[in-house]
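So that you can map any letter, position 78 of the sequence shown is 78 in full-length UniProt numbering, and since no number is skipped, the others follow by simple counting.
Quick reminder that beta carbons are idealized off the backbone N, C-alpha and C, glycines included.
The structure under discussion appears below in the form of C-alpha cells.
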Amino acid sequence: MELGTLGIKDIQEGLQKKTFSATELAEASFSAIREKDPKIHAFLEVTENLALEQAAAVDKKVANKEKLGALAGVPSALKDAILVKGVRATAGSRMLENYTAPYDATVVEKLKGADALLVGKTNMDEFGMGASTENSAFGVTRNPLDEERVPGGSSGGSAASVAAGEAVIALGEDTGGSIRLPASFCGLVGLKPTYGAVSRNGIIALASSLDQVGPFARTVEDCEIVFDVIRGKDPLDATSVDAQVQDPNFKIQNLRIGVPKEYFGEGLDPVVGDVIKNTLKKLEDAGAKLVEVSIPHVQYALAAYYIINTSEASANLARYDGIRYGFSKAGNTLLETYLESRGEAFGTEVKRRIMLGTYALSAGYYDAYYIKAQKVRTLLKQDFEKAFEEVDVIAGPVSPFLPFKIGEKMQDPLAMYLVDIYTVSANLTALPSLSVPAGKAENLPVGLQLMAPAFQENLLFKAGSVVEALK
Ligand code: GLN
Numbered sequence: 001m002e003l004g005t006l007g008i009k010d011i012q013e014g015l016q017k018k019t020f021s022a023t024e025l026a027e028a029s030f031s032a033i034r035e036k037d038p039k040i041h042a043f044l045e046v047t048e049n050l051a052l053e054q055a056a057a058v059d060k061k062v063a064n065k066e067k068l069g070a071l072a073g074v075p076s077a078l079k080d081a082i083l084v085k086g087v088r089a090t091a092g093s094r095m096l097e098n099y100t101a102p103y104d105a106t107v108v109e110k111l112k113g114a115d116a117l118l119v120g121k122t123n124m125d126e127f128g129m130g131a132s133t134e135n136s137a138f139g140v141t142r143n144p145l146d147e148e149r150v151p152g153g154s155s156g157g158s159a160a161s162v163a164a165g166e167a168v169i170a171l172g173e174d175t176g177g178s179i180r181l182p183a184s185f186c187g188l189v190g191l192k193p194t195y196g197a198v199s200r201n202g203i204i205a206l207a208s209s210l211d212q213v214g215p216f217a218r219t220v221e222d223c224e225i226v227f228d229v230i231r232g233k234d235p236l237d238a239t240s241v242d243a244q245v246q247d248p249n250f251k252i253q254n255l256r257i258g259v260p261k262e263y264f265g266e267g268l269d270p271v272v273g274d275v276i277k278n279t280l281k282k283l284e285d286a287g288a289k290l291v292e293v294s295i296p297h298v299q300y301a302l303a304a305y306y307i308i309n310t311s312e313a314s315a316n317l318a319r320y321d322g323i324r325y326g327f328s329k330a331g332n333t334l335l336e337t338y339l340e341s342r343g344e345a346f347g348t349e350v351k352r353r354i355m356l357g358t359y360a361l362s363a364g365y366y367d368a369y370y371i372k373a374q375k376v377r378t379l380l381k382q383d384f385e386k387a388f389e390e391v392d393v394i395a396g397p398v399s400p401f402l403p404f405k406i407g408e409k410m411q412d413p414l415a416m417y418l419v420d421i422y423t424v425s426a427n428l429t430a431l432p433s434l435s436v437p438a439g440k441a442e443n444l445p446v447g448l449q450l451m452a453p454a455f456q457e458n459l460l461f462k463a464g465s466v467v468e469a470l471k
C-alpha cells in the first residue's frame, strides 16, 4: 500500500469497506520509513508500539461497528517540539536529548481522541530556530523532491515525512514561517493558524507571542480536517479561544484578493515571482478580483521579528539551566554548572539568539530595540487591518527563493533570516496564513501564501481549494 496517494477520506472509506485495516496502514508507514528515511532523515524517533496500539484500537472499533474518529487510521507525524507522554521530545537539541515527555500536549490528546496513528517524532531546527532543518543537533533532513536540497524549516522533518509518503499528515509549529516554508519547499499545504486558534499546551516554546501549532497535508481538504480536530479553546492555554468564522457563501467570483506591491520587489527570485503572478492571473480568470494593496511597514517586519523572536527565546530558554531540565554538566559552582551545561548543549544558532535577545532586553537597550519592535508590530497590524477593509484575502509568495541546496546558507545567518521575509508578518500580526502549492519552477515546488483576517481559516481553505484546482 502506498501512503503517498491516500487522503484522509480515502482512509476512512478503506477502513469502513475493509479494503485495509488500521494495522496495515501503520505497517505501510513503517515500511515507507524503513525504505526512505535512511536517506531523508525526517524522523528522530519512530513510535511503532504506540501506533500499533492505536491501530489495534481502531481495528477493534471497525469490527464492533463503532463510530470512528475524524483521523481514524491516519498515520501522523509530529514535530519533536510537541510532547507525547512517555516519548522523547528533543526539540532538535542536545539539551533535551534524554528528555521524556511527562504528559501529552493538548493537540496530541486531540489527535489521539480522533483515532489518529502517531507514527513518530520529526526532525527540526534546534528549538525551531532556522529555515532549513540544518540546525538540528541530530543531522539534516533532505527534501524528498530533491535530496540535494533542504526541505525548509524549522518543521522540515514533518514536511519531509508527508512529502515522502511516510505519513499522511503531520503537525508542525510556526513562529516565523516554520510550517509554511517547509510546506512550500516540499509541495504541500501548510497552515499557520490565527494566534490562539490552537492550544500550545505541551509545546516546547520558542517565542511565545508568535508560536502557533498547525497541520501539514497533501491537500487543502486534509489540512482542514486536521485543523478542525486540533483547534479550540483549552483551559490549559490561556491564549486559546474559540472564535472560528465560517464562510458558507464563498464564491470565487466574489473574492477580492489583495496583492501587496511590497511583496514583488527586490529580493524575490524572478522564477518564483513568475509562478506566483501566473497563479494570480489564473485566479483572476476564474473570476476573482485582484486589488493592489500596500503594507508600508512590511519593510521593517523582518527586523522587528528578529528582535522579538530573540528576546522571547532568550527568556524562554533560561529554563534550561542544567539543573531542572535536560543536559547537565556539573561545575564547581552554580554559575559554572550553568555555563558548562548551556555552553555544551546549545548549538551555535541558539547561542547567537540568546545573546542577541538578552542584549535587546537589557536596561538601556530595551526601549531602543524591544519596545521599538513592538511599535512596528502595531503599525504592521494596522496596515493589514486597513488592507482588509478593501480585500478578503492577501496573496503573495511564501519564500523569495526556490528550495536551496544543503549547506548553501549555513555560513551566513542573515541570508538564512531573509528566507522568512514574507512569512513573519502573519506571526507578528497574529493572522492566519496558508501555504498552498502554486506550481513549479526549475522542477521545484513554489508555494502561494494566502492570509486572511483573524479566525477566518475557513476562507483560506476555500480560496486554497480554488488554487489547488487550477490547471
Ligand atoms: N526561520 C524562522 C526563525 O528561524 C522560523 C522560526 C519558526 O517558525 N519556528 O526564526
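{"Check": "Take the Cβ of A159 as the centre, count every other Cβ of all protein chains shown within 10 Å, and call the residue buried at 16 or more, exposed below.", "Outcome": "buried"}
{"Check": "Can you grab the Cα-Cα spacing for the pair G113 / F461, in whole Å?", "Outcome": "23 angstroms"}
{"Check": "Give the DSSP-derived three-state secondary structure of D80 in the structure shown.", "Outcome": "coil"}
{"Check": "With DSSP run on the structure shown, which of helix, strand or coil describes residue 510?", "Outcome": "This structure does not reach residue 510, given that the chain is present from 1 up to 471, and the question cannot be answered."}
{"Check": "Regarding D174 and the ligand GLN, is the C-beta to nearest heavy atom distance less than 7 angstroms?", "Outcome": "yes"}
{"Check": "Please determine whether the Cβ atom of L68 lies at a distance below 7 angstroms from any heavy atom of the ligand GLN.", "Outcome": "no"}
{"Check": "Nearest CA to the CA of A50: which residue from R34, N64, Y359, E27?", "Outcome": "Going by the sequence as given, residue 50 is Leu instead of Ala. Answer by Cα proximity: E27."}
{"Check": "For V245, count the other beta carbons within 10 Å of its own beta carbon; 16 or more makes it buried, fewer makes it exposed. Which is it?", "Outcome": "exposed"}
{"Check": "If L302 sits next to Y417, beta carbons under 8 angstroms apart, how far is it from one beta carbon to the other, in whole angstroms?", "Outcome": "7 angstroms"}
{"Check": "Pick out whichever of Y300, R324, A72, K36 has its Cα sitting closest to the Cα of V229.", "Outcome": "A72"}
{"Check": "Between S132 and K375, which are expected to be in contact by the criterion C-beta below 8 angstroms, what is the C-beta distance as a whole number of angstroms?", "Outcome": "Wrong, their Cβ atoms sit about 31 angstroms apart, outside the cutoff."}
{"Check": "Can you give me the C-alpha to C-alpha distance between G172 and P215, rounded to a whole angstrom?", "Outcome": "6 angstroms"}
{"Check": "For the stretch 414-465, which segments carrying the beta strand (DSSP E) assignment without a break, of at least 3 residues, lie completely within its bounds, in sequence order?", "Outcome": "433-441, 444-451"}
{"Check": "Would you call the stretch 79-98 in contact with the stretch 337-347, where contact means no fewer than 3 C-beta pairs closer than 8 angstroms?", "Outcome": "yes"}
{"Check": "Please classify P296: does DSSP put it in a helix, a strand, or coil?", "Outcome": "helix"}
{"Check": "Please confirm whether any heavy atom of the ligand GLN lies closer than 7 angstroms to the CB of D59.", "Outcome": "no"}
{"Check": "In the DSSP assignment, the beta strand (DSSP E) including A217 goes from what residue to what residue?", "Outcome": "212-217"}
{"Check": "I'd like to know if the stretch 373-393 and the stretch 261-281 are in contact, where contact means that at least 3 CB-CB pairs between them fall below 8 angstroms.", "Outcome": "no"}
{"Check": "Return the bridge partner residues of I203 from the DSSP annotation.", "Outcome": "I82"}
{"Check": "Considering only residues of the stretch 316-377, which uninterrupted alpha helix (DSSP H) runs meet the minimum length of 4 residues and lie entirely inside it, listed in chain order?", "Outcome": "334-345, 348-361"}
{"Check": "Would you mind reading off the limits of the beta strand (DSSP E) that contains D174?", "Outcome": "169-174"}
{"Check": "Which residue wins for smallest C-alpha separation from L379, given the options K251, L268, D115, H297?", "Outcome": "H297"}
{"Check": "State yes or no: is the C-beta of D420 nearer than 7 angstroms to some heavy atom of the ligand GLN?", "Outcome": "yes"}
{"Check": "Cα separation between Y288 and F388?", "Outcome": "Reading off the sequence shown, one finds Ala at residue 288, where the question assumed Tyr. Using only the alpha carbons, I get a separation of about 16 angstroms."}
{"Check": "Just to confirm before moving on: does the CB-CB distance between T106 and Y99 stay below 8 angstroms?", "Outcome": "no"}
{"Check": "Return the CA-CA distance between K251 and N123, expressed in angstroms with no decimal places.", "Outcome": "39 angstroms"}
{"Check": "DSSP on E27, reduced to helix/strand/coil?", "Outcome": "helix"}
{"Check": "Excluding sequence positions up to five away, which residues of its chain have a Cβ less than 6 angstroms from the Cβ of G190?", "Outcome": "I179, R180, A183, F216, S435"}
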